[in-house]
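Presented below is the structure to which this report refers.
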Amino acid sequence: MKIHQDVHQIHQQYGDYVRVGPMEVSIIDPAALNPLYGHSLETAKGPCYILMEPLDGLVFTRDKKEHALRRKIVDQSLSSKALVIYEPVIAKCTEQLLQIIESRSGNPLNITDWLKRYSFEIMGHLIFGRPFNTISEEGGDTFLLDSIHSDTVMMGYLRHMPWIPALLIKTPFFRKTNTRFWTWLETNFRHRTENGSQNPDIFSWLLSAHEKSPKTRLDTYKLHGLGYSILLAGSDTSFSAATNVFFNLARDRALAHNLQQALDDVPDMSEHNLRKIVLLNAVIYETLRLCPPAAAGVQRITPKEGIRIGENYIPGNVLVQIPIYSIHRDERSFERPEEFLPERWTTRPELNAGNRVLETWWGLVLLLKKPQRIKKPALWHLIRLSGVELKFPSSSLPRVATASPTISSKVLQRLSGFPKGSREVLIILGTSVLLKPAAHWVYSYFFAGRYSPVEGYTA
1022 MKIHQDVHQI HQQYGDYVRV GPMEVSIIDP AALNPLYGHS LETAKGPCYI LMEPLDGLVF
1082 TRDKKEHALR RKIVDQSLSS KALVIYEPVI AKCTEQLLQI IESRSGNPLN ITDWLKRYSF
1142 EIMGHLIFGR PFNTISEEGG DTFLLDSIHS DTVMMGYLRH MPWIPALLIK TPFFRKTNTR
1202 FWTWLETNFR HRTENGSQNP DIFSWLLSAH EKSPKTRLDT YKLHGLGYSI LLAGSDTSFS
1262 AATNVFFNLA RDRALAHNLQ QALDDVPDMS EHNLRKIVLL NAVIYETLRL CPPAAAGVQR
1322 ITPKEGIRIG ENYIPGNVLV QIPIYSIHRD ERSFERPEEF LPERWTTRPE LNAGNRVLET
1382 WWGLVLLLKK PQRIKKPALW HLIRLSGVEL KFPSSSLPRV ATASPTISSK VLQRLSGFPK
1442 GSREVLIILG TSVLLKPAAH WVYSYFFAGR YSPVEGYTA
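What the sequence shown shows, in our numbering, is residues 1022 to 1480, in sequence order.
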């Protein structure tokens, strides 16, 4: 699904305000940021947020008071103090991923799939208190992982038609699938509640707060919904963010080298030490700017009296949203918006021309990526162990980032935003071997050890 790209093209043609539905307006005017998403919050969450009821998590909670209470609990579970407790789990899962990479020497490996499994395995430990063994050749329990993928795809289609799920679950097929999904969640959350966890985890914070509240069936639903929403945010969005980080590093040899040096100077992956690495934070922020979570935007509904943005008036009860993908590519807010420039967050703040965007909008973006903080130690491991190299199937010379050949891996991805025929990308981690461009690259290889030429590439 590339709805955000379609909307972006529409705005390029028709301007800042575009009616995209009978009662829905898409806006990329920076002046709309504060009225729609700022502290004044003149708007409310739209009807797409009812999709998860009654198991609605933090993001899907529409009541402002209840949202404030839930956010406090989530903030505690993802605080710097809590992250220190989670570090052994992250280190263990990272080691398992590296073992898989080494065991696949010379054989194809779908890196997107394994990063997805890796993220889910970490969140399985931190939410359900047990492993799902997804980082293994056997595959482990992938029911929830597969369901999350289909669930997010379905939500993307139905976010503008939230009444349709109520009709679909009445049909035999969708009712059976829906019942199986929520039964699986309820069973595993009940198991976690009754049996506890060997190590402190995220769900411990949620359960502690739940035990202080009334024990109604609805409260239990909300507990499970909160746990599921954190799992979703920490797994589905995190693996894509990690993939994009490596892709952007692969395009810039000097940046990859500088970041690796900065990481090599850090003795361990504690949150305290990682916070000192300004360049790592800049790379993550710039990656989120170009490849943001919720790229199509988050839905709001105007108050009954309507809302005025500059000279523009939007009537009441109209759905509005600002597409993150587009606002991050607006020259009024970011100079050279299509370029990956981490220095805009460090030594060249003048590249961030739109202070209004940073003050109002960026807080929302960082909130969406907050559960991904637990993946920063993982990036420390993976980047520190290997350099990166990227080659396009064209006449352009590849860039090589020399590094210790502890891990040598290739990742072939299909990425949007490049001309047709140039979307296949080769990423090599941990090797200084320079390959000549081949006519066509069709396979994905992810291997450790000594390099040998493979089909589609020439030494």
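Yeah, the Cβ is synthetic: ideal placement off N, Cα and C, and Gly gets one too.
For Ile1223 and Gln1282, the gap between their C-alpha atoms comes out near 32 Å. Annotation for Ile1335: Val1046, Thr1323, Gly1327, Ile1328, Val1341 place their beta carbon closer than 7 Å to its own, counting only its chain and skipping 5 residues before and after. Contact check between the region 1134-1148 and the region 1108-1115: three or more CB pairs, one atom from each, fall below 8 Å, which counts as touching. Contact annotation: the region 1342-1349 touches the region 1299-1318, with at least three C-beta pairs closer than 8 Å.
When only Cα atoms are considered, Lys1086 and Lys1093 end up about 11 Å apart. Looking only at Gly1042, Pro1043, Leu1057, the smallest Cα-Cα distance to Ile1049 is reached by Leu1057. Residue environment analysis places His1245 among the buried positions, since at least 16 neighbouring C-beta atoms fall within 10 angstroms of its C-beta. Residue pairing for Ser1047: DSSP places it in a beta bridge opposite Val1039, Gln1342. Taking Ile1330 as the centre and dropping the five residues before and after it, the same chain places the C-beta of Asp1050, Ala1052, Ala1053, Pro1056 closer than 7 Å to its C-beta, in chain order. The beta carbons of Asn1333 and Tyr1038 sit closer together than 9 Å. Under the DSSP assignment, Asn1302 falls in the alpha helix (DSSP H) whose first and last residues are 1299-1311. The DSSP-derived three-state label of Asn1154 is coil. If the five residues before and after Ser1168 are omitted, its C-beta is found closer than 7 Å to the C-beta atoms of Phe1202, all from its own chain and listed in chain order. Residue burial annotation: Lys1243 is buried, with at least 16 other C-beta atoms found within 10 angstroms of its C-beta.
Note that the C-beta distance between Leu1228 and Asn1269 is not below 9 Å. Between the C-alpha atoms of Arg1353 and Tyr1139 there is a straight-line separation of about 38 Å. Counting the other Cβ atoms within 10 Å of the Cβ of Ile1122 gives 16 or more, which makes it buried.
The beta carbon of Leu1189 sits closer than 7 Å to those of Phe1195, all from its chain and outside the five residues before and after it, given in chain order.
Take Glu1142, set aside five residues on each side of it, and the residues of its chain with a beta-carbon closer than 7 Å to its own are Cys1114, Pro1152, Phe1153, Thr1155, Ile1156, in chain order. Around the beta carbon of Phe1267, a 10 Å sphere encloses 16 or more other beta carbons of the protein chains shown; the residue is thus reported as buried. Ala1065 carries a strand assignment under DSSP once its states are collapsed to helix, strand and coil.
Counting other Cβ atoms within 10 Å of its Cβ, His1170 stays below 16 and is therefore classed as exposed. As the crow flies, the alpha-carbon of Tyr1306 is around 40 Å from that of Lys1236.
In the displayed model, Arg1350 falls within coil according to three-state DSSP, outside both helix and strand. Straight across, the Cα-Cα distance linking Arg1296 with Ala1254 is about 21 Å. In the three-state DSSP reduction, Asn1131 falls in the coil class, being neither helix nor strand. Rounded to the nearest angstrom, the Cβ distance from Trp1205 to Leu1165 is 7 Å, consistent with a contact under 8 Å. With a 10 Å radius around the Cβ and a threshold of 16 neighbouring Cβ atoms, Asp1084 comes out exposed. Taken atom to atom, the span from the alpha-carbon of Ala1277 to that of Asn1216 is near 44 Å. Counted as a single uninterrupted DSSP element, the beta strand (DSSP E) harbouring Asn1333 occupies residues 1333-1335. Going by DSSP, Arg1329 is part of the beta strand (DSSP E) stretching over 1328-1330. The secondary-structure analysis by DSSP pairs Arg1321 across a beta bridge with Lys1066, Val1341. Rounded to whole angstroms, Trp1366 and Thr1214 show a C-alpha spacing of 42 Å. The beta carbon of Ser1218 lies closer than 6 Å to those of Gly1150 in the same chain, with the five residues before and after it left out. For Lys1325, the CB contacts under 8 Å within the same chain, skipping 5 residues up- and downstream, are Gly1337, Asn1338 in chain order. Rounded to whole angstroms, the gap between the alpha carbons of His1212 and Pro1193 is 28 Å.
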